[in-house]
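**Student:** No gaps in the numbering here: position 71 of the sequence shown is 71 in the numbering used here, and each next residue is one more.
In this text, a Cβ means the ideal position worked out from N, Cα and C, and glycines have one as well.
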Amino acid sequence: MEKKAQNYFLYDGVLSAVMVALTSSMISLFALSMGASNIEIGMLSSIPMIFWTMAQIPGAILSERIGKEKAMAGTSALLSRLMWIPIILLPVFGDNIGILVVLVTLSTFIGALGGPSWASFSSHLIPVGIRGRFFSRKNRIAILCSVIAMISAGIYLDMNPQAISFSLVFLIGIVIGLIATFLFFMRIPYQDTQKKQSSSIVDDVKLLFMNKNFRTFLIIFFIMRFGVELASSYFVVDMVKNMNATYIWITVTTAVSAVTSALIQKKWGRISDWFGQRIIIITCTFGISIIALGWVFASSPVHVLVINIMSGISWAGFELAFFNYLLEVSPPDKRAKFAAIVWTIMGIAAITAPIIGGLILEKTANITILGLYNFKFLFLLSFIIRLLAAILFLRYLKEIINYREKTSFKYVIRYITHIRLPGIHMEHILPIDKYIKRKKRKYKFKNPA
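#1: Whose C-alpha, out of Met224, Ala339, Ile345, Ala316, is nearest the C-alpha of Leu388?
#2: If you draw a straight line from the alpha carbon of Ser123 to that of Gly13, how long is it in whole angstroms?
#3: From the DSSP secondary-structure annotation, give me the bridge partner or partners of Leu372.
#4: Could you tell me whether the region 111 to 120 touches the region 233 to 241, using the rule of 3 or more Cβ pairs below 8 Å?
#5: By Cβ distance below 6 Å, which residues in the same chain neighbour Ser165 in space, the five residues on each side in sequence not counted?
#6: As a quick exercise: from Ser261, Phe286, Val306, pick the residue whose alpha carbon is nearest that of Trp249.
#7: I'd like to know whether the C-beta atoms of Val104 and Leu10 end up nearer to each other than 8 Å.
#8: For a test of the three-state rule: what should DSSP assign to Gly423, helix, strand or coil?
#9: Taking DSSP as the reference, what is the three-state secondary structure of Arg187?
#10: Measuring CB to CB, does Gly269 end up less than 8 Å from Ser146?
#11: Does the region 374 to 382 touch the region 256 to 265, meaning 3 or more C-beta pairs lie closer than 8 Å?
#12: How many whole angstroms separate the CB atoms of Ile369 and Phe377, which I take to be in contact at a CB cut-off of 8 Å?
#13: According to the neighbour-count rule (16 or more other Cβ atoms, all chains shown, within 10 Å of its Cβ), is Tyr304 buried or exposed?
#14: Can the beta-carbon of Gln265 be found less than 8 Å from the beta-carbon of Asn139?
#15: Below 6 Å CB to CB, which residues in the same chain sit around Arg278 once its five sequence neighbours on both sides are set aside?
#16: Suppose contacts are defined by Cβ-Cβ distances below 8 Å. Is Ile141 in contact with Val228 by that definition?
#17: If you draw a straight line from the alpha carbon of Gly173 to that of Ser272, how long is it in whole angstroms?
#18: Flag this pair as yes or no: are the beta carbons of Ile47 and Ser28 separated by less than 8 Å?
#19: How is the alpha helix (DSSP H) around Asn160 delimited, first residue to last?
#20: For a minimum of 4 consecutive residues, which ranges assigned as the alpha helix (DSSP H) are wholly contained in the region 197 to 272?
#21: Compute the Euclidean distance between the alpha carbons of Asn447 and Leu144, then round it to the nearest angstrom.
#22: Alpha carbon to alpha carbon, what distance is there between Gly371 and Ile126?
#23: Alpha helix (DSSP H) containing Met26: first to last residue?
#24: Identify, in the order they occur along the chain, each residue of the same chain with its Cβ nearer than 7 Å to the Cβ of Ser299, setting aside the five sequence neighbours on each side.
#25: Below 6 Å CB to CB, which residues in the same chain sit around Ile220 once its five sequence neighbours on both sides are set aside?
#26: Terminal residues of the continuous alpha helix (DSSP H) containing Gly35?
#27: Cα-Cα, which of Gly154, Leu183, Ile179, Thr181 is closest to Val169?
#28: Less than 8 Å between the CB atoms is what I'm expecting for Leu22 and Ile179, so what's the real figure, rounded?
#29: Mind checking which residues open and close the alpha helix (DSSP H) that includes Gly312?
#30: For Ile291, which residues in the same chain have their Cβ closer than 7 Å to its Cβ, ignoring the five residues on either side in sequence?
#31: State the start and end residues of the unbroken alpha helix (DSSP H) segment that holds Pro116.
#32: Taking the alpha-carbon of Phe297 as reference, which of Arg335, Ser25, Tyr373 has the nearest alpha-carbon?
#33: Using the beta-carbon count (16 or more within 10 Å), is Leu100 buried or exposed?
#34: Buried or exposed: Met159, going by 16 or more other Cβ atoms within 10 Å of its Cβ?
#35: Can you list, in chain order, the residues of its chain with a C-beta nearer than 6 Å to that of Met150? Leave out the 5 residues immediately preceding and following it.
#36: If you run the structure through DSSP and keep just helix, strand and coil, what is Gln6?
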């Protein structure tokens with residue numbers, strides 16, 4: 001029964017990802033087809049993110065007070081998806097960008113309220129010993145299906161660029177999302193926890209900062225996320241303005257990153273389960289730093305292809321290990337609130353860093369610093385901040401589950417990339433699969449939740 005529930009949880013995740021690919025990922029293009037200005041496009045991006053951030057802690061408080069994690073997560077997802085129905089009617093009743101911003105913001109806010117409940121629910125449903133492999137498999141399938149959905153939608157919209165064509169794409173996405181909600185509610189047997197006595201958010205923040213591992217993780221994660229968000233919004237702008245990249249090139253480079261991420265997920269999942277999250281977080285944060293440095297020297301879309309291969313590898317591992325580490329480091333009875341606090345920190349970085357990045361670009365528009373024009377200088381700053389976070393992770397991040405096997409960065413890099421490193425030979429890497437099968441009988445992983 002548990003295995004069946006996990007399979008339906010995977011199906012729900014894949015279908016939900018496809019819905020996002022057919023709705024939220026297309027919303028800026030939809031707004032442009034309705035005649036939105038640059039300012040309105042910016043509002044469509046920033047305002048929902050602000051409300052997404054604001055929803056995290058209230059969502060965690062509701063989860064704790066109601067005590068029904070599955071019901072909370074499922075209801076939130078259902079209502080969020082239903083908010084897309086009036087969006088598909090906008091081209092019929094008039095192109096009103098203001099209403100579009102309001103509807104997207106409401107959908108985002110309602111969906112975010114269930115995020116902490118979903119995180120806590122998933123930690124109970126998926127035991128710690130298989131989380132790496134399970135979520136890597138889910139991510140791998142979700143990415144491939146999302147890429148196929150986006151390419152198919154892109155071809156259709158290229159042939160039919162009218163705003164009403166987006167409504168059809170959104171409608172298909174809504175139907176897929178509702179199927180996911182049905183599977184979540186009706187096919188995943190799960191006994192929700194009972195209503196718990198809620199503590200104040202102030203007490204929980206105090207508890208958070210008393211937890212040294214969580215405190216360290218949170219502070220360094222904010223530094224890392226700020227460095228990422230400082231420049232990531234402007235990579236595509238640099239491609240278009242300074243590399244003369246066409247939309248085809250942008251699509252290809254994005255697809256390369258997504259496909260690479262999907263193909264590498266399985267290996268990251270195995271490393272996660274058997275060697276822990278720390279080694280992955282540190283390795284991938286160094287990789288994410290190199291991505292920003294690559295953009296400093298990139299001068300053509302061909303260079304971006306290579307960078308995005310690195311991006312797909314690094315982000316696949318980081319996102320998997322980040323979520324698993326969050327589940328491991330947070331107390332089981334406070335998992336929803338701890339997840340909400342982390343996502344709030346992520347939201348703050350996502351709101352503030354692009355604004356600061358834009359101001360830097362504006363102030364350095366007509367000058368060069370260290371021989372770099374404004375975009376390249378911004379990417380260099382991003383590299384420095386990301387590298388600082390990687391060094392801090394290396395120095396201060398601790399593994400939570402101590403009975404896992406130990407390994408080195410060289411072995412991880414060799415296993416993931418097949419790049420030969422000094423002192424590492426093929427025979428050191430090939431036995432990993434056999435080693436894992438042998439060790440399964442030695443260690444019996446138990447869900448600490």
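**Tutor:** Per the coordinate set shown:
#1: Here the question's residue 388 lines up with position 388 in the sequence shown. Considering only alpha carbons, the answer is Met224.
#2: In the sequence shown, the residue the question calls residue 123 occupies position 123. In the sequence shown, the residue the question calls residue 13 occupies position 13. Whole-angstrom Cα-Cα distance: 14 Å.
#3: In the sequence shown, the residue the question calls residue 372 occupies position 372. DSSP, once it has assigned bridges, lists Ile369 as partnering Leu372.
#4: Fewer than three Cβ pairs drawn from the region 111 to 120 and the region 233 to 241 lie within less than 8 Å of each other, which leaves the two stretches out of contact.
#5: Counting from 1 along the sequence shown, the entry for residue 165 is found at position 165. The answer, listed in chain order, is Leu157.
#6: To locate residue 249, count along the sequence shown from 1; it is residue 249. If we check each option's Cα against that of Trp249, Val306 comes out closest.
#7: Residue numbering aside, residue 104 sits at position 104 when the sequence shown is read from its first letter. Residue numbering aside, residue 10 sits at position 10 when the sequence shown is read from its first letter. Between Val104 and Leu10, the CB-CB gap reaches or exceeds 8 Å.
#8: Residue mapping note: residue 423 aligns to position 423 of the sequence shown, counting from 1. Model confidence at Gly423 stands at a pLDDT of 48, short of 50, so the residue's coordinates are unreliable and nothing is read from them.
#9: The count along the sequence shown starts at 1 and reaches residue 187 at position 187. Of the three classes helix, strand and coil, the one that applies to Arg187 here is coil, per DSSP.
#10: In the sequence shown, the residue the question calls residue 269 occupies position 269. In the sequence shown, the residue the question calls residue 146 occupies position 146. Against a cut-off of 8 Å, the Cβ pair of Ser146 and Gly269 comes out as no contact.
#11: Counting Cβ pairs under 8 Å, fewer than three are found: no touch.
#12: Indexing the sequence shown from 1 puts residue 369 at position 369. Indexing the sequence shown from 1 puts residue 377 at position 377. At roughly 5 Å, the Cβ-Cβ gap stays under 8 Å, so Ile369 and Phe377 are in contact.
#13: Within the sequence shown, numbered from 1, the residue matching residue 304 stands at position 304. Before going on, a small fix: residue 304 reads as Val here, not Tyr. Classification for Val304: buried.
#14: Taking the sequence shown and counting its residues from 1, the one referred to as residue 265 is at position 265. Taking the sequence shown and counting its residues from 1, the one referred to as residue 139 is at position 139. Yes.
#15: Here residue 278 is taken as the residue at index 278 of the sequence shown, counted from 1. Closer than 6 Å at the Cβ level, and outside the excluded window around Arg278, lie Leu397, Glu399.
#16: Translated into the one-based positions of the sequence shown, residue 141 becomes position 141. Translated into the one-based positions of the sequence shown, residue 228 becomes position 228. No.
#17: Counting from 1 along the sequence shown, the entry for residue 173 is found at position 173. Counting from 1 along the sequence shown, the entry for residue 272 is found at position 272. Inter-residue distance for Gly173 and Ser272 is about 32 Å (C-alpha atoms, whole angstroms).
#18: Counted from its first residue, the sequence shown places residue 47 at position 47. Counted from its first residue, the sequence shown places residue 28 at position 28. Contact flag unset, no.
#19: For this step, residue 160 is matched to residue 160 along the sequence shown. Neither: Asn160 is in no alpha helix (DSSP H) and is coded neither H nor E.
#20: 201 to 210, 212 to 232, 235 to 242
#21: On the sequence shown, residue 447 is found 447 positions in, with the first residue counted as 1. On the sequence shown, residue 144 is found 144 positions in, with the first residue counted as 1. With a pLDDT of 39 at Asn447, under the threshold of 50, the predicted position of this residue should be treated as unreliable, though the coordinate-derived value follows. Cα to Cα, the separation comes out at about 29 Å.
#22: Looking up residue 126 in the sequence shown gives position 126. Looking up residue 371 in the sequence shown gives position 371. The straight-line gap from Cα to Cα measures roughly 51 Å.
#23: As a first step, residue 26 is located in the sequence shown; it is residue number 26 there, counting from the start. Here Met26 belongs to no alpha helix (DSSP H), and DSSP marks it neither H nor E.
#24: Translated into the one-based positions of the sequence shown, residue 299 becomes position 299. Around Ser299: Met243.
#25: Sequence index remark: in the sequence shown, residue 220 carries index 220 (1-based). Within the same chain, Ile220 has close Cβ partners Ala389, Leu392, Phe393.
#26: Your numbering for residue 35 matches position 35 in the sequence shown. Where Gly35 is concerned, there is no enclosing alpha helix (DSSP H), given that its DSSP letter is neither H nor E.
#27: Stepping through the sequence shown from its first residue, residue 169 is reached at position 169. If we check each option's Cα against that of Val169, Gly154 comes out closest.
#28: Here the question's residue 22 lines up with position 22 in the sequence shown. Here the question's residue 179 lines up with position 179 in the sequence shown. With a Cβ gap of about 13 Å, Leu22 and Ile179 do not count as contacting.
#29: Locating residue 312 in the sequence shown gives position 312, where the first residue counts as 1. It spans 301 to 329 - the alpha helix (DSSP H) in which Gly312 sits, taken as one unbroken run.
#30: By one-based count along the sequence shown, residue 291 stands at place 291. If we look at Ile291 and ignore the five residues flanking it on each side, its Cβ neighbours are Ile307, Met310, Ser311, Ser314.
#31: Stepping through the sequence shown from its first residue, residue 116 is reached at position 116. Residues 115 to 125.
#32: To locate residue 297, count along the sequence shown from 1; it is residue 297. Per the Cα distances, Tyr373.
#33: In the sequence shown, the residue the question calls residue 100 occupies position 100. Its Cβ being crowded by 16 or more others within 10 Å, Leu100 is buried.
#34: The residue labelled residue 159 in the question sits at position 159 within the sequence shown. Result: exposed.
#35: Taking the sequence shown and counting its residues from 1, the one referred to as residue 150 is at position 150. Cβ neighbours of Met150 beyond the five flanking positions: Ala21.
#36: As a first step, residue 6 must be located in the sequence shown, where it is residue number 6. In the structure shown, Gln6 sits in a helix (DSSP, three-state: H, G or I).
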